[in-house]
Each structure stands twice: as C-alpha cells, then as structure tokens.
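J.:
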Amino acid sequence: MARIRFEGVGKRYPNGFVALEGLDLDIRDREFLVLLGPSGCGKSTTLNMIAGLEEVSEGSLYFDDELMNPVPPHRRDVAMVFQSYALYPHKSVYENIAFGLRMRNHPRAEIDRRVREAARKLEIEPLLERRPNQLSGGQRQRVALGRAMVRQPAVFLMDEPLSNLDAALRISMRAEIKQLHQTMATTFVYVTHDQAEALTLADRIVVMKDGVVQQTGTPDEIYEQPRNSFVASFLGNPPINYLDGTLEGDGAGVSFRRGGLRLALPSRAAQRVAGQAGREVTLGVRAEDVDEHGSPREGETVHGRVTSVLPVGSDQFLGVEVEGRPLFFRVGKEMQHRDGDNVALVVNVNRLHLFDRKDGRSLVW
Amino acid sequence: MLFLAPMLVVLSVVAVFPVVYSFWISLFDLRLTRPRSVPFVWFDNYAQVFADPLFWTSVARTATFTVMAVAAIMVIATLMALLLNEEFRGRRILSAVLLVPWAIPYVADGLMWKWIYDSGYGALNGLLYQLDFIDKYMVWLGDTRKTLALIANAFVWKEVPLATILLLVTMKSIPADLYGAAKVDGANVWQRFVHVTLPALRPGFMLVMIYETMMAVRHFDLFFILTEGGPANASHVLAWDVYVETFRKLSFGTGAALAYLIALITFLLAFSIIRTMGKKL
Amino acid sequence: MTPRAARIGRNLLLLAASLLFLGYVLAPVAWLVSSSFQSESEITSKPPHWIPHQPTLKNFEAIFGAGERDVTYETRRKADPSSGGFIPSTAKNLLPAMWNSFIVAISVVVLNLLVSVPAAYAMAKIRFIGRQTSIYAMLVTRVIPDIALVVPFFLFIRKLGLLDHVGSLIITYLAITIPFSVFILVGYFESLPDELDKAARVDGCSRLQALLRVFLPLALPSLVAMILFAFLTSWNEFLLALMFTQTPASQTMPIVVASFTSDFTISFSFINAAGVLAVVPPVILAIVFERYIVSGLTAGAVKG
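Order-wise, the sequence lines are chains A, B and C.
Each residue of the first sequence is one higher than the one before, counting from 94 in my numbering.
Each residue of the second sequence is one higher than the one before, counting from 12 in my numbering.
Each residue of the third sequence is one higher than the one before, counting from -12 in my numbering.
#1: Given GLN233 of chain C, which residues of its chain have a CB within under 6 Å of its CB, disregarding the five upstream and five downstream residues?
#2: Quick one, which of A:PHE175, A:ASP252, A:ARG350, A:MET277 has its alpha-carbon nearest LYS214 of chain A's?
#3: Taking 8 Å as the CB-CB cut-off, is ARG188 of chain C touching chain A?
#4: What does PHE216 of chain C pair with, by DSSP beta-bridge criteria?
#5: What residue range is occupied by the uninterrupted alpha helix (DSSP H) comprising MET196 of chain A?
#6: What residues of chain C sit near VAL111 of chain A, judged by a beta carbon separation below 7 Å?
#7: Does the distance from the C-beta atom of PHE448 of chain A to that of GLY377 of chain A stay below 8 Å?
#8: Could you tell me the alpha carbon to alpha carbon distance between SER185 of chain A and LEU100 of chain C, rounded to whole angstroms?
#9: Does the stretch 174 to 183 of chain A come close enough to the stretch 224 to 241 of chain A that 3 or more CB-CB pairs lie under 8 Å?
#10: So that I know if they touch, is there some Cβ in chain C lying closer than 8 Å to that of ASP154 of chain B?
#11: Compare the C-beta of MET172 of chain C against all C-beta atoms of chain B and say whether one is closer than 8 Å.
#12: Anything in chain A within Cβ reach of PRO105 of chain C, meaning under 9 Å, just list it in chain order.
#13: Any beta carbon of chain A sitting closer than 8 Å to that of PRO180 of chain C?
#14: On a CA-only basis, which of C:TYR108, C:GLU224, C:ASN46, C:LEU1 is nearest GLU27 of chain C? Give me that one, please.
#15: Taking the Cβ atom as the reference point for each residue, do ARG72 of chain B and LEU152 of chain B lie within a distance shorter than 8 Å?
#16: According to DSSP, what are the bridge partners of ALA357 of chain A?
#17: What alpha helix (DSSP H) runs, 4 residues minimum, are completely inside the stretch -11 to 46 of chain C?
#18: Give the range of the alpha helix (DSSP H) segment to which TYR117 of chain B is assigned.
#19: Under 8 Å, CB to CB, which of the residues in the stretch -3 to 26 of chain C have a partner in chain B?
#20: Between LEU456 of chain A and LEU116 of chain A, what straight-line distance do the alpha-carbon atoms span, to the nearest angstrom?
#21: Report yes or no: is there a C-beta of chain C within less than 8 Å of the C-beta of TYR293 of chain B?
#22: According to a CB-to-CB cut-off of less than 9 Å, which residues of the stretch 185 to 197 of chain B neighbour chain C?
#23: Tell me which residues of the stretch 59 to 79 of chain B have at least one Cβ-Cβ distance to chain C shorter than 9 Å, keeping chain order.
#24: For GLY130 of chain A, I'd like the list of residues in its chain whose CB is within less than 7 Å of its CB, leaving aside the five on either flank, ordered along the chain.
#25: Who are GLU414 of chain A's beta bridge partners in DSSP?
#26: My parser needs the beta strand (DSSP E) runs of 3 or more residues fully inside the stretch 122 to 209 of chain A; what are they?
#27: Secondary structure at ASP181 of chain C, three-state DSSP: helix, strand or coil?
#28: Going along chain A, which residues have a C-beta under 7 Å from PRO201 of chain C?
#29: With 8 Å as the threshold, decide whether the Cβ of HIS167 of chain A is near any Cβ in chain C.
#30: What residues in its chain sit with their C-beta under 6 Å from that of SER33 of chain B, if we drop five residues either side in the sequence?
#31: So, is the C-beta of ILE274 of chain C closer than 8 Å to a C-beta in chain B?
#32: Below 7 Å between beta carbons is the criterion; list the residues of the stretch 134 to 164 of chain B that meet it against any residue of chain C, in chain order.
#33: Using a beta-carbon distance cut-off of less than 7 Å, what residues from the stretch 132 to 155 of chain A approach chain C?
#34: Please name the residue, chosen from C:LEU207, C:THR164, C:ASP190, C:ILE158, that lies closest to PHE176 of chain C on a Cα-to-Cα basis.
#35: Just to make sure I have the definition right: I need the residues of chain C whose C-beta is within less than 9 Å of the C-beta of SER256 of chain A. Which are they?
#36: Name the chain B residues whose beta carbon is nearer than 7 Å to that of GLY262 of chain C?
Structure, rendered in structure tokens:
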C-alpha cells in the first residue's frame, strides 16, 4: 500500500542527456497508473526511479511520506515485471518465483505456500520444475508475473510486460492483469507505448514525450480532451487526421477553411478563438468521427476521392484524399466503395479538435 | 559500488602503470653496471639504437621471420578450418587434438623441435633419410640459411590452432542461405569457395593476421631455446636484441627503448593491416 | 557422378585430410613421447626407432629420483650412457620447479578471479565516468608486448625485494592475465540483459549479491575458460620467469627445462622425458575443457 509522489524530479546523465525534467506526479494508493509515450520519452526512467534502479538526480521521490531518493532497490517494497521477463536462466521456475522471498529471508514454509498459490492462480503449477528456456513466451510472462505477485509488494511495477507476446495473447493478458490489480489491491505503475493497452488498463494515464509530461488524466480525458496535437495523435487507431488551414469568421461563429473545405467549429472551440480570423491552425478529425448516413449539410461535410479501401473485419478503413491531403477514416462495412469513387462524409463537428499550428497546443481543451 | 574501487585501482596499477613506466625508463641512461649515475638523456637511447647496424639487420630478420610465419599460419589454418567446418565422424576428435599445440608451453615446443632438428639423431634427418630424400644426415638449425625458417616452423605449429579456431568461427557465421543462393546461381564447389567463403572470411583473416603478426614480431622464447640468436646472428631478431641489451649488457635504458620500438612497430603493423584490409570490407 | 560415388569420394577426401591434420598436429608430440621411453643407446640409433623397441621408464625414474642422487660433474661422466645416465646436475630441480609452477599458477588463478570478476561486473553493468577509458586502456596494455614490460617489471620487482621469489611471478602474471580475463568477462556480462541485473536487485539483491547469486552462476563457462587461460599462461610463461628467477627456490618448470636444452652433454632421452612432464598437465586441461576453451577464445576474439 503506497502513495508515490514525485516532486520536481529530473534525471540528467553524466553525458548531459536529460531523460526526465521537472516531473510532478502524485500516484494514489491502489491506483493503476499507466505511463505512455514513445521510446526515449522518460517513462522507463520514471519507473526505474520508483524501483530504485536509477538515481534521482534532481527533486524528491516519496513513498507515502518517506523520502526514497537514497533507498536502494532491495530495501524498497516494490516488485517489477520486465519486458524481456528477465527470468534467471539457471534457476527453475519455482526458484525464480521464490528468489525474491528467499532474499528477504521469509520462512521456508511460507515461501513454498506463496509460490504454490501464485502458480495455481497463474495456472503454471505443472511448470514449476522447468527451466525458463523450456517455456513459451506466454508461460515466461506468467512466471514473471508470479515472481512479482508472491512478493505482495506495496508497489507493483511493469515495464512493457506484454510487448513480447503475440497479438491474441496480449489481449487476454490485459484482462488478467486488470484482474490481478483488483485482487492484489495495491498500487500499479505500468509503462507502455501501446495506446490501446493504456486505454484498457489505466485508472489514469500519464502521456510523456522527451522527458516531459504532456498530459495526465483518465483514459477518457486523454482520448476525448487531448491538450496538444502530440497527445491526440498518440492515441487512437488509425491515428487522428490532421489538416492545416486557417480560421474564418462569419456571422454565426468561427469555422475552419482549407481550399474548398469549410467546417463549422464546435461551440466550445468557437468561443475560444472568436475574433481570430486568419489564424493558422491544424484541424484534428478522429478516424471514427465521420458518418456516411447523415444527410450532407453545409459546414459539416468533407468531399473527397477514395484512394484505398482496407477491410478490417468488423468495419473498414477508407483512405480519402481531401483537399490534397490523404485522410483515413473508419466506416461501416455496409458501404461499398471502390478506388476513385467520390464520397461525401458527414463529420461529427462536436468532436473536432483544433490545435495551434506552431506549438500544437489544443485550442479546444 | 564501493567494493569495486580497490579492484579498479589494482587493475590500473598492475596493467597500465608498467606501460607508462617503461617509456619513462627509455629516456634514461640506466645501466645496472653503473647504478649510481642515471642521467636523463632524452631520446639518446633511441638514437643509439638507430645507429647500431645490428638493429637494422634485426629488423630485417624479424620481418623475414614474421612474413614466413604469418603466411604459413594463414594457409595451414585456412585448410584446417575448412576441414573442421565439414560434418563428419571423428571431427570432434580432431578439434580436441587441435588444442594440444596451443596448450603446451613454448619451452616444450622448442625442445621438441630442437630434438627433431638435431643433426646427429633427429627425427627430421631420420625421416628424410628413410624416404631417400637425403643420403646423409644434415645440419639444420646450424645452417644460417635455414635457421629462421626452421624456427618459424616451430612457431607456426604452435600458433596454427588458435588461428584455425578463429577462422572456423568466422566460417560458421556464414549463413547457409548464402551457399544455397550460390548453388541456385549455378556455382560449383570451387566457385562457392571463391565467391562466398573467401570474402566472408575477410574479417577472420584480418583478425588472425593482426594477432599473429603481433605475436611473431615480439616472439622470444623459441629464439632463446633453439638458437640463442645464432648461429652467427642468423636468428638475432628484435626480441633477442632486447634481451641481449637488457640482460647481457645490462643496459636497461637502450633495452627499454628497443622494447618500446617493438611496441611501436606492432602498433603500426596492426594499424596498416586494418587500413589495407579493412577498406575492402 | 552418381551420388554414391560422390559420397565415397567425399569420405575418402575427408579421411585423407584428417590423416594429414592428425599427422601435422600430433606427430611431433608423438615423437617426443616415444623418445622419452627410449634409452639413450636406442635413441641414438640411425635411422631412429619411431616406436621404442625396448621401452623403458628409466628417464622418468631419473627425474623422480634425481633428488636422492648426488650428481656432480664427475659422477655424471661416469654414468652409463646406454642406460640414459647423462643426467644434468640440475635434474633435481625439475620437480621443485614444477611445484613452483603449480603454486604460481594456482595463486594467479585465485587472485585473478578476485580482481577481474568485480572489475568486469563494474565495467559491464555500472555506468561510471571513465568506464570507456578503462576498457580501452586495458586493451592497449595487451597490445604492448611482454618484452616491453620486462624492464619496468624488473625494476619494480627489485624495489619490492621480490627478485628470485615466486611472488615476482605471481604479480607480473596477474598483470598479464587480468586484462584478458576482464575482457572476456566484460563481454559476457554485457551479453546478459541489463534487465536481469535489475530483476535481481528488485528481488532484493544488493549489487554484490546480484553478482554472486545471479551473474556468477550464469558466467560459469566464461569463468572456467578464464581460469584455464590464467593457469596455462602462468604454467607456460618463459620470458619473465627467465628474468626474475635465478635459483631453484623460485625457478619454474620452463626455466629448468630450458636450462637442460642449452646443455649439450645432457642425454636427449632425459630432456624428452622432462618435456613430456611439462606437456602433460596443459594437454590434459586442454582436452578435458576443450569446449570452454574454444568458446572463451572465440568470445575474446570476437570482442577484440
């Protein structure tokens, strides 16, 4: 049980590289927090600092009210699951799981009880005497989870634990990890670059880039109300479409203009940018925010030519060239389109995003 | 973290200090026969070495020895590696046996060959005589025209295993697909060797060449055991020169200077091998 | 060519090549061994007896019994040449020299382990300032020929008062073997994923425990190779031993054996027996641990 607080934490390497800058973050007890970002964004550094594997070069890190900066990893009550699983190749599965408890001098019977209990939960009991190199990827993953579970730690850390698994297994393991969080009732910090994983697992997501936090919030907040174009483009599949254009003021409000395309802005955005006609902006349209069935209305429709049709089972991805820009939309399967068709798609203007062209700041949220 | 500090200190003292100290000594006129006066003489020792004609003949002999030895090592090791790269029964035995020359001391290598080369009762004479190549026993090591080659032979015999192992690893790293592709392209065994094996072996060749050149240039043990620099200075190579200067004439300054020159030559050779062979990689 | 003929052709070729291979590698040693079992009179026959006609252990008896016999210039002249009696006055030094060699080699192995293992772990897994430099410096020291180190070593050893003492050899052999050991181990430790180190420390290991309980067991093959290299280097080394040892108190096997070869009056059968004794321990080690040695050699080479 632990609350983790970062206060102005930074990480600077001797060669001058800054991995993390001015991190303020309050991870609540029993929260499932996901650190999301591209590689090199500082998410793993953050995780390693919680584990004690990297020194905090600026600022303070607290578990509850205890300053953790000088505490080495073996004196912290944390357990960790690694991307490569990092199982000890020379130890059996049993010994791999038991090792952390042995190092902390738990009684033999207690260790045995916990190892077997974890093995039963993870359904790896028949594998206990095997060596890691005799296991499949999914089995290793379970052993790595088991090794962390038996510790019953105050903080449970996971560094891209699913990225070495195949797609199907990844989906089912997500559910198990979520389950695990509920039964263990402890603080989880989870690092990933996979937005889908973050959206399914997290109570809260922290989106990072170049060592700086971009946005912190619930999955819904992050997805629906991205603060900048980086956050918007990092979540969603296919990624959000961007169109550069200018603001245009008219009688009723403000709209977006690019060549022959004009889209009315949602009222919230219109208020924020009122009277800024001519400002250069970037419009963001999520792939799923179009509809083919609605009746085309002025200011809510994009016209374009189909350049590709990719069926993805339940629905299809449509590549459409709009005003010289290739855009991707997700539409229902029932519409039959072929390359070269002209289409008119109705945009859900209330879900449009608008960003400053230069710094990428959201002009809506 | 702290338990590592003393190790690193020991390491640097033991490994780095002598290298620097050696250069420092080479700037002094240090003679054990005259221990009281040790003047600092800048590069006089080096000048003295260069002025000695024996130094230049030593350089030439070292070069001859090195070229002969390295060339032979490359050829024999390549052939042996090609053999060991094949799959056949008994291959394991061959690769175990291969380590025998590598493992034994140079002293034993030397006395073994000295006995084989012996002019009175040696195996070389006996064998050639029995095969009717010679009609009477001959002088081998004592013949100034043969000395270097015979010492080189003893050197090659002991160095070949390591070279073979290094080349074999390089061979094993050639992807089998490459041979498959060459076969599909219609290449026969010889063409596959020339167009696939040899080019892929280049890094291995380079490594072996650098390493064995370094070993040959600095080699001392066999010269001591087989000929002591003789006969008539026929095997007076650089390493032997260092020994004579230092421990027979007890002139440590010039000895150190000479030794440093050997180090320098080694560096230059390694560097030029990398430059010429590395470019084609 | 039918496949069958091709296969037979290939096998014949391989057989011929294998025989050449064995002949080249083993014939000289075989001859050394064979002549060590011949008496002086047999060994001097022309042409030589490739296989002893009357195998004898006299040469080995002479070595193992050398301590009890008082060999002087006079007595050895009187000895019977046909029974391998030309025993050098230094014969009795051989066994003590082998013992010295053994002591030196074992000490070097142990001390080498104590220094190189932690140093290699530090270089592989701990980022510290000067890390690159120290790895580089170590490489350079191995490119400098031993012969260039003789003088500084000599002066250093003399200052320590260790001339003609096995300690001098232990120190200098450490200097020679440690860089190579560290080199092999650094390569191995670096090949082990960083996450393993992290996992161990999150599991509750201190740095030292992570090294002892996770890394060392995994590095066992490299350690074996390292131990063998250190042992063989110490057992075989000649140049430095020649410089630093003067009396039987500290002389090692190669020095004593070399002293035999430079004495023209000594019987070849005796020298050959001494040679066989010098060769036996390294050859046994090499054959028994062949796999480790080959992997160690190649690991060292690939990195270099």
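Where is the CB? At the ideal position from N, CA and C, for every residue including glycine.
Computed from a predicted structure; not experimentally measured.
T.: In short, the structure shows the following:
#1: Apart from the 5 residues on each side of it in sequence, GLN233 of chain C sits with its Cβ closer than 6 Å to the Cβ of ASP151 in its chain, given in chain order.
#2: The option with the nearest alpha carbon to LYS214 of chain A is A:MET277.
#3: True, the Cβ-Cβ gap to chain A drops below 8 Å.
#4: In DSSP, PHE216 of chain C forms no bridge with anything.
#5: Taken as a continuous stretch (DSSP letters only), the alpha helix (DSSP H) holding MET196 of chain A covers 186 to 196.
#6: Here the premise fails: no neighbours, minimum Cβ distance about 15 Å.
#7: Against a cut-off of 8 Å, the Cβ pair of GLY377 of chain A and PHE448 of chain A comes out as a contact.
#8: Taking the straight line joining both Cα atoms gives about 27 Å.
#9: Cβ pair count under 8 Å is three or more, so yes.
#10: It does not: the Cβ of ASP154 of chain B has no partner Cβ on chain C nearer than 8 Å.
#11: Going by the sequence as given, residue 172 of chain C is Leu instead of Met. The beta-carbon of LEU172 of chain C is placed no less than 8 Å from the nearest beta-carbon of chain B.
#12: In chain order: nothing, as chain A lies at least about 18 Å away.
#13: Interface residue, yes.
#14: The residue with the shortest Cα to Cα distance from GLU27 of chain C is C:ASN46.
#15: Here ARG72 of chain B is not near LEU152 of chain B, since their CB atoms are 8 Å or more apart.
#16: According to DSSP, which records beta bridges pairwise, ALA357 of chain A is partnered with A:SER348.
#17: Within the stretch -11 to 46 of chain C, complete alpha helix (DSSP H) segments of at least 4 residues are found at -10 to 23, 27 to 30, given in chain order.
#18: It spans 117 to 128 - the alpha helix (DSSP H) in which TYR117 of chain B sits, taken as one unbroken run.
#19: Those residues of the stretch -3 to 26 of chain C placed with their C-beta closer than 8 Å to a C-beta in chain B are ASN(-2), LEU1, ALA4, SER5, PHE8, LEU9, TYR11, VAL12, LEU13, PRO15, VAL16, TRP18, LEU19, SER22, ordered along the chain.
#20: Between LEU456 of chain A and LEU116 of chain A, the C-alpha separation is close to 24 Å.
#21: Beyond the ends of chain B as shown, which are 12 and 292, falls residue 293 of chain B; an answer cannot be given.
#22: Within the stretch 185 to 197 of chain B, no residue has its Cβ closer than 9 Å to any Cβ of chain C.
#23: Residues: none.
#24: Cβ within range, chain order: LYS136, HIS286, VAL300, MET301, LYS302.
#25: According to DSSP, which records beta bridges pairwise, GLU414 of chain A is partnered with A:ARG398, A:PRO419.
#26: Those beta strand (DSSP E) runs which fall completely within the stretch 122 to 209 of chain A and span 3+ residues are 125 to 129, 151 to 156, 171 to 174.
#27: When DSSP states are grouped into helix, strand and coil, ASP181 of chain C belongs to the helix group.
#28: The amino acid at residue 201 of chain C is misidentified as Pro; the sequence shows Val. Residues of chain A passing the Cβ test: TYR181.
#29: Interface flag for HIS167 of chain A against chain C is set, since a Cβ pair is found closer than 8 Å.
#30: Beyond the five residues adjoining it in sequence on each side, SER33 of chain B comes within less than 6 Å, by CB distance, of ALA267 in the same chain, given in chain order.
#31: Interface annotation, ILE274 of chain C: in contact with chain B, CB-CB separation under 8 Å.
#32: Under the 7 Å Cβ criterion, the stretch 134 to 164 of chain B contributes ALA134, GLY137, TYR140, GLN141.
#33: Result list: ALA144, LEU146.
#34: Considering only alpha carbons, the answer is C:LEU207.
#35: Neighbourhood of SER256 of chain A in chain C, by CB distance below 9 Å: empty, with the nearest CB roughly 13 Å away.
#36: Under the 7 Å cutoff, chain B gives ALA119, LEU122, MET123.
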